[in-house]
Amino acid sequence: SRYILVPLQVNTDSQILVNSPWIPDMFCLLDLLRDLVPRLHDKDVTFVIREHPSCRAKYDAYHDTMGPRFLFANGNPMQELIVNAEAVMTINSTAGIESLLLGKKVIVAGNACYSIPELVLPVRSAGELETALNAVHHWQPDESLRCKFLTYLSEVYCIPGNREQVDDLHISRIDTRIRNVVEKGLLL
């Protein structure tokens with residue numbers, strides 16, 4: 002069936018504590034989604050929830066109380082869930098970037114480096130989330146912007162290489178990044 006994937010994040014992670022201005026934790030996110038579902042126009046879409054494997058919070062009480070349009074899929078591989086999703090709704094998880102890499106529609110409810118209008122559907126309130134969930138089926142991201150953003154991540158933002166197998170290019174890019182920050186005040 003058609004579904005929107007909602008990967009939960011670690012409640013105590015800085016991405017939630019610092020970069021989630023209106024959803025303080027995953028309990029609030031689940032409550033919000035449960036309350037919004039009856040108001041959605043599309044009665045056929047379900048929500049697949051995947052708990053973060055490193056989160057110590059327990060969501061067992063939600064498994065039985067969310068309703069028939071919610072399914073917890075903790076045992077499924079994240080990439081498989083993303084590939085088969087119609088869209089992904091996240092606060093600011095790296096699952097959002099993975100979803101962009103896989104060409105998926107993304108709804109972003111927090112401060113994320115990829116929360117760019119036309120690339121994703123950014124939302125800043127429950128009302129905006131309801132609007133985005135009602136629009137996501139027909140909305141399409143700007144494919145040119147997606148390609149440019151992913152190129153930026155690959156060519157500028159990310160440092161090539163593997164910290165386990167360091168090569169000269171990796172060391173050079175780290176050195177350049179540090180010099181740009183320290184000497185020039187640049188973030189990159």
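According to our numbering, the sequence shown holds residues 2 to 189 in order. We put the CB at the ideal spot given by N, CA and C, even for glycine. Here the structure is a predicted model, which is why all the values come from computation and not from measurement.
Would you call residue i buried or exposed, if buried means 16 or more other Cβ atoms sit within 10 Å of its Cβ?
i, result
"Asn75", "exposed"
"Lys59", "exposed"
"Lys149", "exposed"
"Glu52", "buried"
"Leu187", "exposed"
"Lys105", "buried"
"Arg278", "As shown, the chain starts at 2 and ends at 189. That puts residue 278 outside it, with no answer to give."
"Val121", "buried"
"Val124", "buried"
"Tyr63", "buried"
"Tyr158", "exposed"
"Tyr115", "buried"
"Val182", "exposed"
"Gln80", "exposed"
"Gln166", "exposed"
"Gly97", "buried"
"Leu6", "buried"
"Cys100", "Position check: residue 100 holds Ser in this sequence, whereas Cys was assumed. By the neighbour-count rule (16 or more Cβ atoms within 10 Å), Ser100 is buried."
"Ala136", "exposed"
"Leu103", "exposed"
"Ile17", "buried"
"Ile172", "exposed"
"Tyr153", "exposed"
Bridge partners of residue i, per DSSP?
i, result
"Arg51", "Pro8"
"Leu122", "Ile108"
"Gln166", "Asn163"
If residue i and residue j are in contact, beta carbons under 8 Å, what's the gap, nearest whole angstrom?
i, j, result
"Thr91", "Pro8", "6 Å"
"Thr47", "Leu72", "6 Å"
"Asn93", "Asn20", "5 Å"
Where does the unbroken beta strand (DSSP E) through residue i begin, and where does it stop?
i, result
"Val107", "Lys106 to Val109"
"Ala96", "Unbroken run through Ala96 is the alpha helix (DSSP H), Thr95 to Leu102; no beta strand (DSSP E)."
"Leu72", "Phe71 to Phe73"
Could you pull the start and end residues of the alpha helix (DSSP H) that residue i belongs to?
i, result
"Met90", "No alpha helix (DSSP H) contains Met90, which is instead part of the beta strand (DSSP E) from Ala88 to Thr91."
"Glu1", "Within the shown structure, residues of the chain are numbered from 2 to 189, placing residue 1 beyond reach of any answer."
"Glu160", "For clarity, residue 160 is Ile in the given sequence; the question names Glu instead. Neither: Ile160 is in no alpha helix (DSSP H) and is coded neither H nor E."
"Ala133", "Ala127 to Ala136"
"Arg147", "Glu144 to Tyr153"
"Tyr63", "Asp61 to Thr66"
"Arg35", "Met27 to Leu37"
"Ile83", "Met79 to Asn85"
"Leu18", "Ser15 to Leu18"
* Asked: Do three or more CB pairs link the segment 11 to 27 to the segment 103 to 111 at distances below 8 Å?
  -> yes
* When the Cβ atoms of the segment 30 to 40 are set against those of the segment 127 to 144, are three or more pairs found closer than 8 Å? -> yes
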